[in-house]
Amino acid sequence: MSERTRVLELDDVTLRFGGLTALDSVSFHIDEGEILGMIGPNGAGKTTAFNAITGVYQVTSGEVRFAGRSLAGLKRHAITKLGIARTFQNIRLFGSMTALENVLVGADANHSTGVLSALFRTAKHRREEDDGHERGMELLEFMGLASRADELAANLSYGDQRRLEIARAMATGPKLLCLDEPAAGFNPQEKAQLMELIRRVRDRGFTVLLIEHDMRLVMGVTDRIVVLEFGKKIAEGTPAEIRDNPAVIAAYLGVDEDAS
Amino acid sequence: MGVVRENLDRVARRYRALPGPARVALVVLLVVLVYLLPLLRPPIITTNQIDFGGVMFAIAAFALVAVGLNVVIGYAGLLDLGYVGFYAVGAYTTGVLTSYHAHWAFFLALPVAIAVTMVTGVLLGWPTLRVRGDYLAIVTLGFGEIIRIAVTNVEWVGAARGIKDIPHPPNIGPDPEPPFGDGGLFTIPSLQWDGIVPSLDSGRETTFLVFGAVSAVPYYWLVLSFLILILFADRLIKDSRVGRAWEATREDEDAAEHMGVPTFKFKLLAFALGAAVGGLSGSLYASSQSGYINPQSFPLLLSILFVAAVIVGGAGNRWGAIIGGTLVAYLPERFREFADFRLLVFGLALMILPVYRSQGLLPPRRTIRARAAAEEIEHLEGRDEAPTEVV
Amino acid sequence: MNFSFLVNHIVELSITGLALGAIYALIALGYTMVYGVLQLINFAHSEVFMYGTFAVAWVFVFVHGTTSVNQTLGGTAGLLLLSLLAAMAMSAAIAMLLERVAYRPLLKRKAPRLMALISAIGASFALSELMGLRDRVVGWVGLRDDLDNYVSKARDVYTNPVTIQPQTVFTVGGYGVKDVDIMVIVASLLMMVALDQFVRRTRFGRGIRAVAQDPESAALMGVNATRVIRGTFILGGIMAGAAATLYMVKIGSTRQNAGFIFGVKAFTAAVLGGIGNLRGALLGGLVLGVAENYGAAIFGTQWKDVVAFVLLILILLVRPSGILGESLGKARA
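Protein chains in written order, with full-length UniProt numbering: chain A, 1 to 260; chain B, 1 to 391; chain C, 1 to 333.
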């Protein structure tokens with residue numbers, strides 16, 4: 001484990017909104033090639049942590065480091081270009097664009113064609129368009145969406161939209177892929193397929209940070225789990241360790257720690 | 001309306017089914033026809049009370065503005081209610097450089113006017129594009145008024161008197177020497193119609209190519225040529241990373257940002273490009289037939305009409321913008337006898353349109369393509385079922 | 001640049017600025033409430049105001065005839081009250097019509113927001129033009145001759161026959177403060193307080209706040225959103241009617257496009273104070289009115305509107321959500 005490079009590191013991260021402390025001295029890390037699960041009751045700060053990693057919020061104190069580099073002060077699009085991509089809890093595709101175009105927008109994170117290149121159809125423009133299409137179609141293929149490439153994202157089925165979001169995030173070419181409750185609204189069968197998919201994503205060389213409510217899914221697919229409650233990290237460990245952790249059980253059963 | 005839609009779709013499908021060379025021939029024929037329209041003077045559509053060439057100039061100019069504003073409103077989703085400000089900046093830059101303070105040639109002043117307008121766009125966009133979209137509407141509205149009030153009160157640009165004697169674009173061929181020579185290379189007569197029987201009207205000739213006071217047609221040709229150029233550019237840009245970034249930003253700014261799109265930069269780019277086209281139109285307007293501009297040429301109403309042209313046609317569709325611009329410029333001139341009511345009718349139309357066609361007359365091409373795809377799937381499925389029936 | 005003029009006339013400029021700003025603020029309430037509830041810019045609210053100004057003038061013509069007379073504020077108090085009611089009724093009716101014709105069909109169809117704005121722009125044109133063509137309109141129904149006095153020359157400036165002569169009430173710093181300005185400021189404040197209390201304390205006001213906060217959960221709580229939206233338009237109309245009366249007291253004449261510039265200013269005031277925020281509208285209006293007057297004194301009256309817009313841009317740069325922040329829903333009791 002220790003030989004692996006650390007992709008992401010949260011070092012004593014605190015995030016306050018006015019008087020409310022959303023994250024309280026949270027530290028954890030993700031190693032390359034790992035699938036890390038983040039769980040916790042509603043309002044525990046999972047999405048806040050996500051947002052702190054992807055640049056929505058600037059941390060109040062502490063530091064988020066990606067591949068050893070601090071993310072402080074970086075804009076969201078710059079963080080994406082560094083290599084962190086995300087999906088959204090409630091699907092946020094570009095509805096009036098086709099599935100392929102959605103993925104192309106993601107792939108464009110690696111491109112730099114501007115107005116002049118586009119106007120004169122320069123070699124760079126053509127190369128980047130080809131690269132985008134190739135990468136995009138390959139990803140749609142991978143997700144089983146190739147036949148839907150020309151359909152408007154808004155017209156896709158719910159499950160296809162979820163998969164398209166993952167494809168779009170992968171198209172940005174990230175090292176770290178952050179999935180925000182990707183199984184929300186899925187039936188057991190779809191969840192099983194999703195687990196399989198997440199494993200395949202990892203096998204392609206991606207590191208995955210997964211927020212998920214569904215315990216079975218998180219336990220089944222992750223290498224390690226971080227548990228948050230009221231903005232604090234209360235446990236960290238392998239699925240087996242987490243399963244037997246009394247603090248986690250208390251948090252999930254809603255037992256007051258002082259009382260227990 | 002549904003019938004119109006279906007027929008348009010059918011025409012589009014037939015066009016796509018044609019072989020390549022036939023398509024090119026068809027387009028060339030159409031373009032030639034459009035160029036010749038003010039000379040052909042087809043019955044019914046020709047305005048008889050005022051110069052039809054002038055009306056066609058106004059239409060082309062409106063269409064050009066609408067195509068530029070479509071980049072801002074339709075592609076990037078930014079509601080700009082002060083586009084007339086850019087139009088005025090382009091016109092005044094041209095006026096100042098060619099007549100009021102210097103005597104540059106028109107084609108020298110034109111790129112400078114475009115550049116100045118673009119810079120104006122960036123200066124206005126830099127602070128305002130960061131605020132929420134609704135506020136942008138009111139800030140741009142204010143910008144249009146600021147420009148108008150400024151040119152009304154600043155002596156350096158002629159204040160309320162405006163700027164006159166703005167030179168026309170250069171002629172091709174010898175300059176006219178009245179009363180003996182028309183100048184130019186050759187003259188083209190217009191048609192006149194007796195019912196459906198056309199005949200040559202030698203009293204209404206256009207000299208190729210003299211930008212003078214006699215005929216508005218050469219100005220129309222010039223604007224139309226720029227319009228075609230801009231359409232090509234629009235298409236090339238829209239169909240690239242830039243166009244996708246705009247669309248993504250319009251659809252969901254946060255999501256776009258997370259997908260690596262620097263949304264502010266792209267909004268600013270749309271704003272600047274839109275402004276540049278506005279400046280181009282303004283510059284062409286300044287050097288048009290009358291060669292005269294004053295602050296009253298740039299009322300706020302014009303901004304609203306520009307927006308209406310884009311929305312009526314269908315925001316996001318360049319052909320829609322052209323149709324919208326055409327309607328907004330043409331209808332009031334064609335129906336001058338109802339001149340008193342034209343704004344009323346126009347207002348009512350704007351109220352009714354969103355209820356019945358909330359996407360505008362011509363929604364973005366994508367919907368058409370999506371429908372075509374749906375039809376194809378239906379067709380394929382139908383074919384799959386057919387054999388089972390036979391068996 | 002003329003700073004000495006500003007310094008020498010600071011009291012006068014402040015008081016007339018406050019009076020002007022109070023009128024902006026009353027109109028701004030209509031924008032801010034509709035925005036709070038629907039997140040739409042009711043572009044046609046300026047016409048709601050403009051129709052009110054005509055209602056005031058018509059009441060005066062009806063009672064007084066068309067002969068021009070001079071009057072003190074006190075001498076026309078009764079007529080003013082009557083015209084206030086008429087203007088409120090007129091503006092409320094126009095606002096209700098707007099909601100019914102230009103908004104509800106769009107909301108029902110879930111049309112894009114841009115489209116609702118276009119519809120509002122169209123309604124603004126149509127209403128303004130209809131007033132401009134009022135001689136034709138009464139002609140169509142055969143009343144041209146009977147209503148001649150009320151129609152006057154359409155599209156022209158329409159002047160209130162009774163000119164209200166401002167009287168000096170007391171003197172501050174060498175400037176005689178006029179009763180008209182005091183009346184305008186006090187009346188606006190009273191209307192504002194009344195509205196503020198209404199939104200805070202009544203069941204209907206709670207409905208407005210609930211819809212502004214979250215339409216879906218408001219619906220779950222049994223709030224009838226359609227009624228709330230209509231009521232919001234009507235309330236805005238009533239305030240615009242009051243503004244119209246005060247406008248006629250101060251300005252004395254109107255025309256079919258009188259609403260436009262006041263509408264834009266009022267919207268600016270709403271944004272300035274924080275759109276969706278009732279108290280913000282008041283503050284925004286007053287700040288705008290005074291700033292405009294100061295600016296006009298320094299740069300010349302022709303730059304008055306420029307001052308207003310530049311102020312708006314500056315505020316948006318520094319504090320995009322306005323001075324007091326946006327929150328109709330969060331207007332706590």
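Backbone N, C-alpha and C define an ideal beta-carbon position, used for all residues, glycine too.
Sequence-distant residues of its chain with Cβ nearer than 7 Å to residue i (five each side left out)
i                      : result
residue 409 of chain B : The structure shown does not extend to residue 409 of chain B, since chain B is modelled only from 1 through 391, so no value can be given for it.
residue 61 of chain C  : 149, 150 and 161
residue 145 of chain A : 99, 160, 163, 164 and 167
residue 148 of chain A : 99, 156 and 160
residue 257 of chain C : 128
Secondary structure of residue i, DSSP reduced to three states
i                      : result
residue 229 of chain A : strand
residue 391 of chain B : Legend: pLDDT at residue 391 of chain B = 33, less than 50; position of this residue unreliable, value from coordinates given subsequently. Coil at residue 391 of chain B, not helix or strand.
residue 166 of chain B : coil
residue 38 of chain A  : strand
residue 149 of chain A : coil
residue 261 of chain A : Any answer about residue 261 of chain A is impossible in this case: the structure gives chain A only from 1 up to 260.
residue 62 of chain A  : strand
residue 96 of chain A  : coil
residue 105 of chain C : helix
residue 164 of chain C : strand
Continuous beta strand (DSSP E) stretch holding residue i: start and end
i                      : result
residue 175 of chain C : 175-178
residue 190 of chain B : 186-194
residue 85 of chain A  : 84-86
residue 9 of chain A   : 6-17
Beta carbon proximity, residue i to chain A, threshold 8 Å
i                      : result
residue 464 of chain B : One cannot answer for residue 464 of chain B here, as it falls past the ends of chain B, which runs 1 to 391.
residue 119 of chain B : no
residue 258 of chain B : yes
residue 12 of chain B  : no
residue 315 of chain B : no
residue 269 of chain B : yes
Same chain only: Cβ atoms within 6 Å of residue i, ignoring 5 sequence neighbours per side
i                      : result
residue 83 of chain B  : 69, 278, 303 and 306
residue 58 of chain B  : 329
residue 288 of chain B : 219
residue 85 of chain B  : 143, 144 and 147
residue 71 of chain B  : 270, 273 and 274
Continuous alpha helix (DSSP H) stretch holding residue i: start and end
i                      : result
residue 67 of chain B  : 52-70
residue 238 of chain A : Looking at the DSSP string, residue 238 of chain A is not in any alpha helix (DSSP H), and its letter there is neither H nor E.
residue 88 of chain C  : 77-98
C-beta neighbour in chain C for residue i, strict 8 Å
i                      : result
residue 340 of chain B : yes
residue 135 of chain B : yes
residue 122 of chain B : no
residue 7 of chain B   : no
Span separating the alpha-carbon of residue i from that of residue j
i                      : j                      : result
residue 35 of chain A  : residue 207 of chain A : 6 Å
residue 248 of chain A : residue 242 of chain A : 7 Å
residue 204 of chain C : residue 221 of chain C : 13 Å
residue 104 of chain B : residue 98 of chain B  : 5 Å
residue 81 of chain C  : residue 33 of chain C  : 25 Å
residue 100 of chain B : residue 183 of chain B : 27 Å
residue 6 of chain B   : residue 16 of chain B  : 15 Å
residue 282 of chain C : residue 193 of chain C : 10 Å
residue 354 of chain B : residue 9 of chain C   : 50 Å
residue 153 of chain C : residue 98 of chain C  : 26 Å
residue 172 of chain C : residue 11 of chain C  : 7 Å
residue 256 of chain B : residue 173 of chain B : 53 Å
Chain B within 8 Å of residue i, Cβ atoms only
i                      : result
residue 88 of chain A  : yes
residue 122 of chain C : yes
residue 215 of chain C : no
residue 268 of chain C : yes
Contact set for residue i: own chain, Cβ-Cβ below 8 Å, skip 5 residues either direction
i                      : result
residue 71 of chain C  : 162, 163, 164 and 165
residue 217 of chain A : 183, 191, 194 and 195
The ligand SAH heavy atom lying under 7 Å from the CB of residue i
i                      : result
residue 132 of chain A : Looking for the ligand SAH in the displayed structure turns up nothing, as the structure carries no ligands at all.
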